[in-house]
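Shown next, in structure tokens, is the structure this report addresses.
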Amino acid sequence: MSIKRLVVIVGPTGCGKTDLSIRLADHFCAPIISTDSRQFYRGIPIGTAQPTPEELARAEHHFIADREVTDEVNCGRYEVMALERLEELFKEHDTVIAVGGSGLYVKALCEGMDDLPEADEELRKRLAEQLKTEGLEVMADRLKQLDPDYYAEVDLLNPARVMRALEVCLQTGKPYSAQRTGRRRERPFQIIKIGVTMPREELYARIDRRVELMMEAGLESEARAMLPHRRENALQTVGYKELFEFFDGKISREEAVALIQRNSRRYAKRQLTWFRRDEEVTWFHPLADEEILAHIEKA
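Just so you know, we're using this note's numbering here: the sequence shown kicks off at 19 and counts up by one.
Right, dumping it as structure tokens:
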């Protein structure tokens, strides 16, 4: 019986993960599943850097623009969906490529999520109202007081993660970080984790240029079309939040673009911090195809 293997590509935004995933898919005749928490959604291909139509035509992709922004996906739901999809894909393929920069989704796919308490709906509603009136920064400060360890690693621009951790702290009276057991669930396939990055100056220059290209490609129009859905979790992310502030007249267009570039660089830094903690990740330059292929075959 052939060994089924999942090649997981991780790394910061803008570092060339998508291009590498397609080249590996070509080499192994493998399908690709996304581990990006925003690429699920229709209508926002530019801001979420979804594969282009040409890239989608080169390889079979899963979890790309397959649902509306109102259909929220969390890590637990993604784990179930992804494992079910992999079971089907491994019937026809020995290798599947997973690619994306959402650390919790990668963790859900490879290890499973901790069994945290069910949400208290009343508490959740109360916190949601506080988020609207007080803002994300205030809520993040509350989380810092209750769980400084998790505050130090969480994506502070992601309200869903901040609010879930705060909810668990308040519901249980214990830090969220202390309730993450780290118990790993066995997977019926081999997992090979490939990390890709480059020198910081090169990465940051790529990110800045990428934002400029997104604006040229129509990110502003895409964000305007999403204004009726601006409160949806799918749009609480870099790119849309800054443009919504521009539409509200709070900042200029130039300031919005500069903020998107700055916040994208900060996000990339947090991604690198997250993935570098994972000792199973082997790091390469995104164009080091020969070395990456040799590592996969050796593994």
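Every residue, glycine too, gets a C-beta built ideally from N, C-alpha and C. Here the structure is a predicted model, which means the values were calculated and not measured.
Q.
With H, G and I counted as helix, E and B as strand and the rest as coil, what does DSSP make of T255?
A. coil
Q) Using DSSP with H/G/I as helix, E/B as strand and the rest coil, what is F108? A) coil
**Q.** Residues of its chain near A183, where Cβ-Cβ distance is below 7 Å and the 5 sequence neighbours each way are ignored
**A.** L161, D165, Y168, V172 and Y194
Q. By how many angstroms is the C-alpha of S52 removed from the C-alpha of E11?
A. Only positions 19 to 317 of the chain appear in the structure, and residue 11 is not among them; the question remains open.
Q | Beta-carbon contacts of S55 that lie in its chain and below 6 Å, excluding the five residues immediately before and after | A | S120 and Y123
Q) Which partner residues of Y96 appear in the DSSP bridge assignment? A) Y96 is not bridged to any residue.
Q. Among the residues of its own chain, which have a CB less than 7 Å from the CB of I64, if the five just before and after it don't count?
A. M232, A235, G236, L237 and E240
Q: Would you list the one or two residues that DSSP bridges to H79?
A: I50
**Q.** Cβ shell of Y258 (< 7 Å), same chain only, five flanking positions each side left out
**A.** G65, A241 and M244
Q: Helix, strand or coil for L24, going by three-state DSSP, please let me know.
A: strand
**Q.** Continuous beta strand (DSSP E) stretch holding Q208: start and end
**A.** Q208 to V214
Q.
Which residue marks the beginning of the alpha helix (DSSP H) containing V91, and which one marks its end?
A. V91 -> no alpha helix (DSSP H), and no H or E assigned at all.
Q | Endpoints, beta strand (DSSP E) assigned at T300 | A | V299 to F302
Q. Using 8 Å as the Cβ pair cut-off and three pairs as the minimum, do the segment 212 to 222 and the segment 296 to 309 touch?
A. yes
Q: Could you tell me if I21 is buried or exposed, where buried requires 16 or more neighbouring beta carbons within 10 angstroms of its beta carbon?
A: exposed
Q. How about S282 and R228: are their beta carbons less than 9 Å apart?
A. yes
**Q.** Between the CA atoms of E102 and T113 - distance to the nearest angstrom
**A.** 15 Å
Q | Residue from A116, K109, N251 and A312 whose Cα sits closest to the Cα of L175 | A | N251
Q | Same chain, Cβ closer than 7 Å to R13, neighbours up to 5 away in sequence not counted | A | The question about residue 13 has no answer, for the chain in this structure spans 19 to 317.
Q. If you draw a straight line from the alpha carbon of H385 to that of I50, how long is it in whole angstroms?
A. Lying outside 19 to 317, the shown extent of the chain, residue 385 is not represented and no answer is given.
Q: Identify which residue in T88, P246, Q279 and M131 has its Cα closest to the Cα of L100.
A: Looking at the sequence provided, one finds Ala at residue 100 rather than Leu. If we check each option's Cα against that of A100, M131 comes out closest.
(Q) Applying the 10 Å Cβ sphere with the 16-neighbour rule, what's the burial state of S270? (A) exposed
Q) Buried or exposed: which applies to V87, given that a residue is buried once 16 or more other Cβ atoms fall within 10 Å of its Cβ? A) buried
Q.
So, at 6 Å on beta carbons, what are the nonlocal neighbours of R76 in its own chain, with the 5 sequence-adjacent residues on each side left out?
A. I40
Q | E97, buried or exposed, once every other Cβ within 10 Å from all chains shown has been counted against 16 | A | buried
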